[in-house]
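Below is one structure, written out as C-alpha cells; the observations come after it.
Number of protein chains: 4
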Amino acid sequence: MAGSTIILGANRYGKAEVRVVRITRDTARHEIEDLAITSQLRGDFTAAHVDGDNAHVVATDTQKNTIYAFARDGIGAPEDFLLRLGAHFVDDFDWVSGGRWAAEKYTWNRIQVDGSGHDHSFVRGGTEIRTAVVAIENGSPTVIAGLTDLAVLKSTGSEFTGFPRDEYTTLQETTDRILATSVTARWRYNVLGLDYDALFADVRRILLEAFALTHSLALQQSLFQMGKRVLEAHPEVDEIKFSMPNLHHFLVDLTPFGRDNPGEVFFASDRPYGLIEAAVTRDDATDAGTAWDGIAGFC
Amino acid sequence: MAGSTIILGANRYGKAEVRVVRITRDTARHEIEDLAITSQLRGDFTAAHVDGDNAHVVATDTQKNTIYAFARDGIGAPEDFLLRLGAHFVDDFDWVSGGRWAAEKYTWNRIQVDGSGHDHSFVRGGTEIRTAVVAIENGSPTVIAGLTDLAVLKSTGSEFTGFPRDEYTTLQETTDRILATSVTARWRYNVLGLDYDALFADVRRILLEAFALTHSLALQQSLFQMGKRVLEAHPEVDEIKFSMPNLHHFLVDLTPFGRDNPGEVFFASDRPYGLIEAAVTRDDATDAGTAWDGIAGFC
Amino acid sequence: MAGSTIILGANRYGKAEVRVVRITRDTARHEIEDLAITSQLRGDFTAAHVDGDNAHVVATDTQKNTIYAFARDGIGAPEDFLLRLGAHFVDDFDWVSGGRWAAEKYTWNRIQVDGSGHDHSFVRGGTEIRTAVVAIENGSPTVIAGLTDLAVLKSTGSEFTGFPRDEYTTLQETTDRILATSVTARWRYNVLGLDYDALFADVRRILLEAFALTHSLALQQSLFQMGKRVLEAHPEVDEIKFSMPNLHHFLVDLTPFGRDNPGEVFFASDRPYGLIEAAVTRDDATDAGTAWDGIAGFC
Amino acid sequence: MAGSTIILGANRYGKAEVRVVRITRDTARHEIEDLAITSQLRGDFTAAHVDGDNAHVVATDTQKNTIYAFARDGIGAPEDFLLRLGAHFVDDFDWVSGGRWAAEKYTWNRIQVDGSGHDHSFVRGGTEIRTAVVAIENGSPTVIAGLTDLAVLKSTGSEFTGFPRDEYTTLQETTDRILATSVTARWRYNVLGLDYDALFADVRRILLEAFALTHSLALQQSLFQMGKRVLEAHPEVDEIKFSMPNLHHFLVDLTPFGRDNPGEVFFASDRPYGLIEAAVTRDDATDAGTAWDGIAGFC
Chain A
1 MAGSTIILGA NRYGKAEVRV VRITRDTARH EIEDLAITSQ LRGDFTAAHV
51 DGDNAHVVAT DTQKNTIYAF ARDGIGAPED FLLRLGAHFV DDFDWVSGGR
101 WAAEKYTWNR IQVDGSGHDH SFVRGGTEIR TAVVAIENGS PTVIAGLTDL
151 AVLKSTGSEF TGFPRDEYTT LQETTDRILA TSVTARWRYN VLGLDYDALF
201 ADVRRILLEA FALTHSLALQ QSLFQMGKRV LEAHPEVDEI KFSMPNLHHF
251 LVDLTPFGRD NPGEVFFASD RPYGLIEAAV TRDDATDAGT AWDGIAGFC
Chain B
300 MAGSTIILGA NRYGKAEVRV VRITRDTARH EIEDLAITSQ LRGDFTAAHV
350 DGDNAHVVAT DTQKNTIYAF ARDGIGAPED FLLRLGAHFV DDFDWVSGGR
400 WAAEKYTWNR IQVDGSGHDH SFVRGGTEIR TAVVAIENGS PTVIAGLTDL
450 AVLKSTGSEF TGFPRDEYTT LQETTDRILA TSVTARWRYN VLGLDYDALF
500 ADVRRILLEA FALTHSLALQ QSLFQMGKRV LEAHPEVDEI KFSMPNLHHF
550 LVDLTPFGRD NPGEVFFASD RPYGLIEAAV TRDDATDAGT AWDGIAGFC
Chain C
599 MAGSTIILGA NRYGKAEVRV VRITRDTARH EIEDLAITSQ LRGDFTAAHV
649 DGDNAHVVAT DTQKNTIYAF ARDGIGAPED FLLRLGAHFV DDFDWVSGGR
699 WAAEKYTWNR IQVDGSGHDH SFVRGGTEIR TAVVAIENGS PTVIAGLTDL
749 AVLKSTGSEF TGFPRDEYTT LQETTDRILA TSVTARWRYN VLGLDYDALF
799 ADVRRILLEA FALTHSLALQ QSLFQMGKRV LEAHPEVDEI KFSMPNLHHF
849 LVDLTPFGRD NPGEVFFASD RPYGLIEAAV TRDDATDAGT AWDGIAGFC
Chain D
898 MAGSTIILGA NRYGKAEVRV VRITRDTARH EIEDLAITSQ LRGDFTAAHV
948 DGDNAHVVAT DTQKNTIYAF ARDGIGAPED FLLRLGAHFV DDFDWVSGGR
998 WAAEKYTWNR IQVDGSGHDH SFVRGGTEIR TAVVAIENGS PTVIAGLTDL
1048 AVLKSTGSEF TGFPRDEYTT LQETTDRILA TSVTARWRYN VLGLDYDALF
1098 ADVRRILLEA FALTHSLALQ QSLFQMGKRV LEAHPEVDEI KFSMPNLHHF
1148 LVDLTPFGRD NPGEVFFASD RPYGLIEAAV TRDDATDAGT AWDGIAGFC
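Now the structure itself:
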C-alpha cells in the first residue's frame, strides 16, 4: 500500500425520512397519503469531501423542500412520485448523475361508522409497510417495489427433515411445525410506465397466497415458490429478493406437568432466529447495475 | 430521619412477557391465539428481600411454567385466562395475597385465498394491541381491559381556539387542523363474569366512532366524548382512562416555492408531542383499590 | 350504575419529550447539557373536556416555548430546572394547581485528543439515563430523582436456592449463576434545596457498589441492599423504588458436543424475563401524595 | 421475458443474532465477552429452494450450536472467532463455498469499588457497538471491522456555506453550527493475521480525534478526513465506508420571548435528518468481491 493515493470512493448524500402526509380534499370525502421519503444524490461531489467546497452540494434541506413542494402537486403511486423527484434533480443539476429515492408508505383505512367508511376519519392499517426505491444511474432509472414487516404464520403444513447431521447437530426432524416469518420482499421492474399501485396489490396477493398454499419442506422452498409465482404472473418483474427470518415457535414440553402437547402450545422465541435470504430471477434478466446497492438486507 | 428504620415497602415480582402461541386444531380449520403474558405476585416476601430467604419465592420460572400448562387447557378471553392464573397463585400459596396478571394480545387474520380465509395460514392484523390486567388485592380481583397503539387521524373537523395567551405563547388559533393520536385506553369493569371478547369489540367500536363523530374543539374534548360514550353504553364499566398523544401535523409553508397549501401538505412531527391523560368515571364508581398501580402512563 | 353521572376524573396534559440541547460557551471550553423534558399541568380543566372550552388550556406549544425560554437562562441540575418550570406555571395561572415536570438527561464526555479533553467535541456516554421528576400538588413540590437503563452483571456471587416446589416447578437450584439486570431506580427527597447533581452521583455510586458487594441469594436481596445503603447514607432520601428485570443468562449444555461448561458459556435470553419491583422506605417516611402517579413501572 | 426461465439467484441462509456471553474464570478476576453472532452460508442450496430437498441444508440450529461449542474453546477478537467459524463450515461441508459471519460486541467495564475495578461485577459501557464481518467467497476470507452508534457532537467549529441555491432553497448559510452525528463505519483489511483488538482501538481513536480536530465546512469533509487519517495510519486498511446521519440541532428563535440566542439553546430534531454515505479508499485497493454485500447502509 506504500505509495498508494487515498481517494473518495462511491458516495451519495441527501435527506432521509421526510415525513409527509397529504390530504386530498377536493370533495368532502378526503383521501390520505402518508409516507416517509428519502432523497440521496450521486454525482460529482469530490470537492465537498476533499476541500469542503459546497458549490455542488444541493443542500439536504433543499431536497426536503422539494419533496414538500412536489407533494403539493400530488403524490400518487410512490414509484411515480420518486421518478418525478429523481428526474428533477438529475435534470436540473449538471453534476448530479443519479441517486436513490426511497419511500415507505403507511396504510390508513376509513373508520367504519354505522357500516360505512367515514369521510375524513381514518385508522392505521396493518403492521406491514409498502416500500419503493427509484435508483438512477447515468440518467437511467430503475424501479424496485417492495414491502416489509408482512408477518405471516402457518400453523401446520410445514416440515423440516432430511438435513445433514454432524457433531454439532441436535435438532430433531419434524413433519409438522409452525412456520412463521416476517416477509421483506423487493422486486425490480424491467420497464417503466406501469400501474404501480395495481401491481403492488397483485404481487402482495400472490405472496400471501403462495405462502398459504405451499406445503413447506423448508422456508427456502416457500420463499422460492413465492418468488416464482410472482415472476410467472408478471413479465414486467425481472427479479424478486427476499429476506425472511424464520421466527421459531418451540413446542413446549408439558410432560412434567402431566399434559400432552399435540402441536398446541408454543413458545414464540425472539432471538436467535433463522435468516433466509435469496433472489428469484429470470435467466435473461436485465442488468440491475447498482440499483440494489445500499438496500438493507440482501444485496 | 435520624432514628428511622429502613423497611421494605410495596413490592411484587414475577415473570414478564411470556410469549405464548396457542393453536386450536380440533378440526382442520385452526384457530390461533397469540399473547405475551406477565405474572407478578404480591404477599409476604419480606424474608427474601431482607434475608435472602426464598422459602416464599414461587420461582418466576414456575410462574412461566404455569402459564404454559394452563394454556394447554385453553386460553379464551385474556381476562378469563388471567383470572384463572391469578386464582391459582392466590389459592395455592398461603402467603400470596394478590398480584397482577397482564396480557397483550396480537391480532391475526386468515390469509384470503380465492376469496375465502385459509384454514391454517394467517397474517398479522393491525398495529394495535389488546391489553388486559387482572389485579387481585386481598383475594379480590379487579379486571381492567384495554387497548394500545390504536392510531387514528381526522383530516378535518378539528379546531383549537380560545386558549390563553401569555408572554410565551406564539401558537396561532386554527379552525381546521389534522387531529392525530395513538389511543391507549384502559377501562375497569365493576362486575365479574362478563363476555370480555364481545365487550372489547364493542368498546373498540365506540371509541373509533366517537373519535370520528366528534367535531373536536380540543383533543381533551374528543377524549371525554370517547369515554362518555363507553360509559353510557356499558353500565359494567365504572371508569375509563386514556393516554393520548397529540401527534402534531404541521402545515408546510409552501409560499417560498410559489404554491399555496390549503390544508393539503403536512409535516408529521415525531417529538415533542402533546400528551393528554385523563379518566372518565362515574360519580358513584366503586373503589379501585390499588388495581391501577403500576400501569404505565396515567394512574 | 343506573342513574350515575359521568364525570371527568383525574387528568393532566402538556408537552412531552421536548428535546433541548444547551451549550454554555462563555469561554472556549464549552459545556453541553442534553435533555428531554416533559411538562404536564393539573388543575381546573373540566370545561375543555366537557365543553371544548379552552380558556384554561395553556397550550402545550406554550409549555414548549417556556422550556426553551427558561433554558436560555440556564439549566443546571434537572431537578432545579423542573422546580423553576413548575413554579412558573403554578404561580402564573390561577387554575393550575399542580402538575408533573419530568426530565431525561443524557451523558456526554469530552473526546480525548492527545490525552486531554477537547474544548468543544463530545462523545455520548453510557446507555444509562438520568431521570428527574418534580410533582406539584396543591402548590407543594416533591422531587424524585432517578436513573434508568443502568445495565449491570455479576459473573458469580449469585445463588438461587430454597424456593418452594409445586407441580409446575422444574427449575434447579443453583449456587453460582450470572446475575444481570438493567436498573431503573427512583428516589424521593424529603427536603428541597439540595445539591441534586452531587446527590445523584453519590446515589449512583452506592447503587453500583451495593450491587457489586452483595453476595446475592435472590435479586430481591440485591435490590433491598441497594436501597438500604442509599437510605442509610442519605437522610434526605425517604424512599427508593426499583424496577429490575432479571435478565436470564442460561448455561448452555455443551455435553452433546463433547465439552464441559463450568460456568463459562451462556445464552443471554430476551424474553421472558423476571421482573422484580419493590420500594425500600423509612418507617417514618413523609407522605408522597400523588407524586408517584403515572411514573411507569412501579407505583 | 416470454420464454425466460425462472431460477434461483444469489442466496445465503443461517442463524442470526445468537447471543453469547462468555465468562473467563481461570482466576478470581473474571473476564466477560458479550456478543451477538450471525452465521450465514453460501453454496449449492438450489435443491432446498426448488425441491424442498434439505440434504445440503446445514440446519440453522446446528450453526447456532457450533457457535456455542466454539465459544467454549475461547472467543478473543471477534474477527478471529468469525474466521474460525467460517473456516469450519467451508472446510467441513463440500457444498459450502462461502458465507458471511458477523458479530456485534458490547462493552462492559468493571464496577469501581473504593477506586478499583471489581473482580466479577460489571457495568455496560457506551452506546456504541463494535462490529465485525468475515465474508468468505470461493474459500477466500475478507475481514471487515467496524463500529456503529458512536454518537459525537461538536458545539462549534462547523460551517455550511457556499451551497447552490435554486427555487426550493430556503436554508441560510451559517459559519457556526452544532455538528452531530452517529457514526457507522466499516473498514476492510487487506491482509489476514492482524491484531484486531489493537487495530480496532486505534481506528476508533483516530475517528474520534479526526472528528474533533477537523474544522468542518461540510459533514462530507469531516467524513473524508476521518477516513483519510485511518488509511494514512494503517496500511493494512484498504478502504473505509461511512454512513453518517446529520442530526440537526436547530437554534431556537427566542426573540418572541425577549431573549437572544447566541448559539446556546437548540432543538434536537429526530426526523428528517441528513444522511451522508461515502467510501474512502486507496487508488490501488484490492478487489472486495462480494464482501460488502448485504451490509446494511452503504454498499
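Protein chains in written order, with the working numbering: chain A, 1 to 299; chain B, 300 to 598; chain C, 599 to 897; chain D, 898 to 1196. Built from N, CA and C at the ideal position, the CB exists for glycine as well.
Inter-residue spacing [alpha-carbon to alpha-carbon] between leucine 1096/D and valine 1134/D
10 Å
Selection from Thr184/A, Tyr273/A, Ile295/A and Asn11/A that minimises the alpha carbon distance to arginine 916/D:
Tyr273/A
Segment contact flag, the stretch 1091 to 1106 of chain D with the stretch 1052 to 1067 of chain D, C-beta cutoff 8 Å, min 3 pairs:
no
To the nearest whole angstrom, what separates the beta carbons of tryptophan 187/A and glycine 146/A, a pair I think is in contact under 8 Å?
7 Å
Own chain residues within Cβ distance below 7 Å of arginine 271/A, not counting five before or after:
none
Cutoff 8 Å: glycine 351/B Cβ touching any chain C Cβ
yes
Distance, glutamate 1161/D Cα to arginine 623/C Cα
7 Å
Using a Cβ-Cβ distance cut-off of 8 Å, determine whether phenylalanine 160/A contacts chain D.
yes
Name, please, each residue of chain D whose Cβ falls closer than 7 Å to the Cβ of alanine 669/C.
Val1162
Pick helix, strand or coil for isoleucine 1103/D, following the three-state DSSP scheme.
helix
Give the residues of chain B in contact with phenylalanine 1154/D, contact being defined as C-beta atoms less than 7 Å apart.
Glu466 and Tyr467
Locate the alpha helix (DSSP H) running through tyrosine 965/D, then write down its first and last residues.
957 to 969
Evaluate contact between the stretch 899 to 906 of chain D and the stretch 379 to 397 of chain B, counting only Cβ atoms and requiring at least three cross-stretch pairs below 8 Å.
no
By the criterion of Cβ-Cβ separation under 8 Å, what are the contact partners of phenylalanine 211/A in chain B?
Ile410 and Ser420
is_contact[threonine 1071/D, chain C] using C-beta, thresh 8 Å:
no
Which residues in chain B have a C-beta closer than 7 Å to the C-beta of phenylalanine 580/C? List them in chain order.
What the structure shows of chain C is the stretch from 599 to 897, and residue 580/C is not part of that stretch, so it cannot be assessed.
Contact set between aspartate 882/C and chain B, taken where Cβ atoms lie within less than 9 Å:
Met300, Gly302, Ser303 and Thr304
Whose CA, out of Lys540/B, Thr365/B and Ala532/B, lies closest to the CA of glutamine 519/B?
Lys540/B
Throw me the rounded Cβ distance for the asparagine 652/C and alanine 517/B pair, which I believe falls under 8 Å.
6 Å
DSSP-derived helix/strand/coil call for glutamine 638/C:
strand
Can you give the Cα-Cα distance for histidine 533/B and phenylalanine 822/C, rounded to whole angstroms?
44 Å
Assign serine 454/B to one of three DSSP states: helix, strand, or coil.
coil
Start-to-end residues for the beta strand (DSSP E) that takes in glutamate 137/A:
129 to 137
Below 8 Å on the Cβ atoms is my guess for histidine 628/C versus serine 1113/D; work out the distance and round it to an integer in Å.
Contact doesn't hold; Cβ gap of about 15 Å is too wide.
Just grab the DSSP bridge partners of methionine 543/B for me.
Ile575/B
Would threonine 1081/D and alanine 1188/D qualify as a contact pair, given that the criterion is a beta-carbon distance under 8 Å?
no
Taking only beta-carbon positions, decide if aspartate 270/A is within less than 8 Å of chain C.
yes
Threonine 658/C: which of Asp465/B, Leu553/B and Tyr488/B sits nearest, CA to CA?
Asp465/B
For a contact meaning CB atoms closer than 9 Å, what does tyrosine 871/C contact in chain B?
Lys314, Ala315, Glu316 and Thr359
Can you grab the Cα-Cα spacing for the pair glycine 887/C / leucine 340/B, in whole Å?
25 Å
With burial defined as no fewer than 16 other Cβ atoms inside 10 Å of the residue's Cβ, what is the status of phenylalanine 565/B: buried or exposed?
buried
Name the one or two DSSP bridge partners that glycine 760/C has.
DSSP lists no partner for glycine 760/C.
If we count the other Cβ atoms within 10 Å of its Cβ and call it buried at 16 or more, is phenylalanine 250/A buried or exposed?
exposed
Determine whether the beta carbon atoms of leucine 506/B and isoleucine 477/B lie at a separation below 8 Å.
no
With which residues is threonine 580/B paired in a DSSP beta bridge?
Glu538/B and Ile605/C
Looking at glycine 1054/D: is its Cβ nearer than 8 Å to the Cβ of histidine 846/C?
no
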